[in-house]
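Structure representation (structure tokens):
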């Protein structure tokens with residue numbers, strides 16, 4: 019019998035983290051911005067059908083970057099968890115914090131116990147009935163949860179995008195302002211992203227039960243002028 | 015958080031998901047046991063030029079007693095379809111809830127809604143699932159109607175207790191007063207009904223059913239409880255307001271008085 023080489027746990031974790039980070043950095047980034055009526059999410063996504071941002075529940079949205087099949091599996095699991103909880107108890111009992119914690123458990127478990135970590139970063143956003151209640155949870159590949167207040171950046175090149183976002187952010191942005199800021203931050207100073215390669219969705223307060231809206235290319239063009 | 019292996023994944027089906035996680039409620043009742051539960055009664059739906067009208071009274075009865083005066087048996091299933099239910103109120107309401115959830119669950123998981131026919135089929139399997147309870151008297155018989163956005167027209171379906179699904183071209187009626195209500199619509203039906211005519215016909219059918227069937231509730235002006243009437247067109251589900259219904263029933267009443 020051959021004895022396996024000893025590898026220090028620090029090294030194992032570092033290798034896994036590097037692997038996950040590399041996978042995530044290959045994909046394009048996504049930003050979320052709090053605005054006066056809720057949360058706007060803007061992603062660079064050339065595909066019209068493979069979505070990065072989607073609806074989880076009445077007031078909750080999901081966004082993911084990295085490996086599509088992996089974050090899509092998490093998206094469906096989130097919808098299931100939310101619908102089951104709403105069915106068992108009440109629609110009012112479904113909240114983003116619980117979902118974010120469940121996601122963190124799954125990602126953390128996979129990171130430590132499986133061969134390969136998930137190459138994803140996800141965002142769970144909830145729009146409150148009042149602006150105070152808006153929440154954004156940014157969850158990393160290793161299960162780290164970050165509670166974000168105004169803006170969140172997921173994916174490659176997060177640092178420079180985040181810098182541009184925080185520079186341009188101010189309280190009381192309207193939806194057009196938020197989407198413009200998001201697109202500007204994603205593109206950077208020397209690039210423009212065509213509308214067809216943008217995926218934009220909002221969670222907006224209002225009288226409707228379902229607060230999630232996916233904006234069409236025409237609507238996005240209207241907001242960008 | 016439920017995550018499944020690909021081979022046992024419930025896909026976009028919410029009822030299947032409930033079974034997988036052990037939350038499905040068994041429809042079977044012990045043999046020979048028959049329990050007296052509140053029953054919901056008359057609902058109708060008819061097609062008109064722009065779509066469909068659905069209507070239902072508000073009464074639930076338990077034997078010869080009125081158990082509930084303001085029951086909502088006609089409800090939107092999603093933005094462009096509605097479901098109306100007659101039969102044992104408890105299982106009926108549970109079926110509606112599960113049906114609404116399933117349509118939304120499918121839409122979220124798949125990223126696109128079910129076709130109208132797919133929705134009608136889904137309801138059919140839910141009614142069939144209730145068959146063991148129906149054998150003990152807990153019968154649930156729904157109607158399903160909606161605007162088919164792919165075909166650009168309103169469509170209607172009636173069901174039987176075994177889940178049998180029958181698409182009708184003009185109108186459908188269910189519940190204890192369905193014979194009277196259905197006859198009124200049958201006599202007054204024309205293919206080119208306007209929205210106003212169609213609502214009036216639905217209102218009259220419920221009036222006549224309430225007049226002849228003790229389990230069907232009429233307009234309750236004293237408490238301000240009126241039947242639920244809604245239209246479904248390309249613009250989606252729109253419920254007719256109580257003030258509008260009150261004036262329609264008032265003119266109907268004065269017409270009857272003048273006979």
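Protein chains in written order, with this note's numbering: chain A, 19 to 243; chain B, 15 to 273.
No residue lacks a Cβ here, since even glycine has one placed at the ideal position from N, Cα and C.
Open item on the list: Contact criterion: CB-CB distance below 8 Å. Does residue 198 of chain A meet it with respect to chain B?
Closed with: The sequence position of residue 198 of chain A within the first chain is 180, counting from 1. So, not an interface residue.
TODO: Assign residue 245 of chain B to one of two classes, buried (16 or more other C-beta atoms within 10 Å of its C-beta) or exposed (fewer than that).
DONE: To locate residue 245 of chain B, count along the second chain from 1; it is residue 231. Result: buried.
Task: Option in B/272, B/249 and B/235 with minimal Cα separation from residue 261 of chain B - done: Here residue 261 of chain B corresponds to residue number 247 of the second chain, with the count starting at 1. Ranking the options by Cα distance to residue 261 of chain B, first place goes to B/235.
- [ ] Starting from the C-beta of residue 129 of chain B, find all residues in its chain whose C-beta is less than 7 Å away, skip the five residues before and the five after it, and write them out in chain order.
- [x] Position 115 of the second chain, counting from 1, holds the residue named residue 129 of chain B. For residue 129 of chain B, where only same-chain residues beyond five positions count, the Cβ hits under 7 Å are 164.
- [ ] State buried or exposed for residue 94 of chain B, treating a residue as buried only when at least 16 other CB atoms are found within 10 Å of its CB.
- [x] Within the second chain, numbered from 1, the residue matching residue 94 of chain B stands at position 80. Residue environment: residue 94 of chain B is assigned as buried (16 or more neighbouring CB atoms within 10 Å of its CB, all protein chains considered).
Task: Secondary structure, alpha helix (DSSP H): runs of 4+ residues fully inside the region 106–158 of chain A - done: Entirely contained in the region 106–158 of chain A, the alpha helix (DSSP H) runs reaching 4 residues are, in chain order, 114–131.
TODO: Measuring only between beta-carbons, confirm whether residue 188 of chain A sits less than 8 Å from chain B.
DONE: In the first chain, the residue the question calls residue 188 of chain A occupies position 170. It does not; no Cβ of chain B falls within 8 Å.
TODO: Give a yes or no on whether 8 Å exceeds the smallest Cβ distance from residue 90 of chain B to chain A.
DONE: Against the second chain, residue 90 of chain B aligns to sequence position 76. So no, residue 90 of chain B is outside the interface.
Task: Length of the line joining the Cα atoms of residue 210 of chain A and residue 130 of chain A - done: Counted from its first residue, the first chain places residue 210 of chain A at position 192. Counted from its first residue, the first chain places residue 130 of chain A at position 112. Roughly 39 Å between the two C-alpha positions.
Open item on the list: Rounded to the nearest angstrom, what separates residue 54 of chain B and residue 56 of chain A at their Cα positions?
Closed with: Residue mapping note: residue 54 of chain B aligns to position 40 of the second chain, counting from 1. Residue mapping note: residue 56 of chain A aligns to position 38 of the first chain, counting from 1. C-alpha of residue 54 of chain B to C-alpha of residue 56 of chain A: approximately 41 Å in a straight line.
Task: Coarse secondary structure for residue 37 of chain A, derived from DSSP in three states - done: In the first chain, counting from the first residue as 1, residue 37 of chain A sits at position 19. In this structure, residue 37 of chain A counts as helix in the three-state DSSP scheme.
Task: Reference residue 243 of chain B; option with closest CA among B/249, B/254 and B/197 - done: Taking the first residue of the second chain as position 1, residue 243 of chain B is located at position 229. Ranking the options by Cα distance to residue 243 of chain B, first place goes to B/254.
- [ ] For residue 207 of chain A, count neighbouring Cβ atoms within 10 angstroms of its own Cβ and tell me buried if that reaches 16, exposed if not.
- [x] For the purposes of this step, residue 207 of chain A is identified with residue 189 of the first chain, where counting begins at 1. Exposed: under 16 other Cβ atoms inside 10 Å.
Open item on the list: In the DSSP assignment, the beta strand (DSSP E) including residue 34 of chain B goes from what residue to what residue?
Closed with: Counting from one through the second chain, the residue named residue 34 of chain B turns up at place 20. Where residue 34 of chain B is concerned, there is no enclosing beta strand (DSSP E), although the alpha helix (DSSP H) it sits in stretches over 28–34.
Open item on the list: Using a Cβ-Cβ distance cut-off of 8 Å, determine whether residue 117 of chain B contacts chain E.
Closed with: The structure shown contains no chain E; its protein chains are A and B.
Open item on the list: Runs of 3 residues minimum, wholly inside the region 21–81 of chain A: which ones carry the beta strand (DSSP E) assignment?
Closed with: Entirely contained in the region 21–81 of chain A, the beta strand (DSSP E) runs reaching 3 residues are, in chain order, 48–53, 56–62 and 71–75.
Task: Short CB-CB distance (under 8 Å) between residue 37 of chain B and chain A - done: Mapped onto the second chain, residue 37 of chain B falls at position 23. Any Cβ of chain A closer than 8 Å to the Cβ of residue 37 of chain B would place that residue at the interface, and such an atom is present.
TODO: Go ahead and label residue 73 of chain A buried or exposed: buried means 16 or more other beta carbons lie within 10 angstroms of its beta carbon, across all protein chains shown.
DONE: Residue 73 of chain A sits at position 55 when you count from the first residue of the first chain. Classification for residue 73 of chain A: buried.
Open item on the list: Which residues in chain B have a C-beta closer than 8 Å to the C-beta of residue 124 of chain A? List them in chain order.
Closed with: To locate residue 124 of chain A, count along the first chain from 1; it is residue 106. Result: 15 and 17.
TODO: Pull out every residue of the region 166–179 of chain A whose Cβ sits closer than 7 Å to any Cβ of chain B, in chain order.
DONE: Identification of residues in the region 166–179 of chain A having a C-beta nearer than 7 Å to some C-beta of chain B yields an empty set.
TODO: Determine, using beta carbons only, whether residue 213 of chain A and residue 235 of chain A come nearer to each other than 8 Å.
DONE: In the first chain, residue 213 of chain A corresponds to position 195, counting from 1. In the first chain, residue 235 of chain A corresponds to position 217, counting from 1. Yes, the pair counts as a contact, with Cβ atoms nearer than the cut-off.
- [ ] Enumerate in chain order the residues of its own chain whose CB-to-CB distance from residue 232 of chain B is below 6 Å, with the five nearest sequence positions on each side excluded.
- [x] As a first step, residue 232 of chain B must be located in the second chain, where it is residue number 218. Residues of the same chain with a CB within less than 6 Å of the CB of residue 232 of chain B, apart from the 5 flanking positions on each side, are 224 in chain order.
- [ ] Just the C-alpha distance for residue 71 of chain A and residue 21 of chain A, rounded to the nearest angstrom, thanks.
- [x] Locating residue 71 of chain A in the first chain gives position 53, where the first residue counts as 1. Locating residue 21 of chain A in the first chain gives position 3, where the first residue counts as 1. Distance between the alpha carbons of residue 71 of chain A and residue 21 of chain A is about 46 Å.
- [ ] State the Cα-Cα distance for the pair residue 238 of chain A and residue 263 of chain B, rounded to the nearest angstrom.
- [x] Position 220 of the first chain, counted from the start, is the residue given in the question as residue 238 of chain A. Position 249 of the second chain, counted from the start, is the residue given in the question as residue 263 of chain B. Residue 238 of chain A and residue 263 of chain B have their C-alpha atoms spaced approximately 47 Å apart.
Open item on the list: By the DSSP assignment, the beta strand (DSSP E) with residue 95 of chain B in it spans what residues?
Closed with: In the second chain, the residue the question calls residue 95 of chain B occupies position 81. 95–102 is the span of the beta strand (DSSP E), which, as asked, contains residue 95 of chain B.
TODO: Could you work out which residues of chain B lie near residue 159 of chain A, taking near to mean beta carbons separated by less than 8 Å?
DONE: Within the first chain, the letter at position 141 stands for residue 159 of chain A. Chain B residues near residue 159 of chain A: none, gap ~16 Å exceeds 8 Å.
Task: Whether residue 159 of chain B touches residue 68 of chain B by CB criterion (8 Å) - done: Counted from its first residue, the second chain places residue 159 of chain B at position 145. Counted from its first residue, the second chain places residue 68 of chain B at position 54. Taking 8 Å as the Cβ cut-off, residue 159 of chain B and residue 68 of chain B qualify as a contacting pair.
Task: C-beta neighbour in chain A for residue 122 of chain B, strict 8 Å - done: Locating residue 122 of chain B in the second chain gives position 108, where the first residue counts as 1. Interface residue, yes.
- [ ] Would you identify the three-state DSSP class for residue 166 of chain A, choosing helix, strand or coil?
- [x] Stepping through the first chain from its first residue, residue 166 of chain A is reached at position 148. DSSP places residue 166 of chain A in strand when its eight states are reduced to three.
- [ ] Decide if residue 193 of chain B is buried, meaning its Cβ has at least 16 other Cβ atoms within 10 Å, or exposed.
- [x] Here residue 193 of chain B corresponds to residue number 179 of the second chain, with the count starting at 1. The residue is exposed, with fewer than 16 neighbouring Cβ atoms inside 10 Å.
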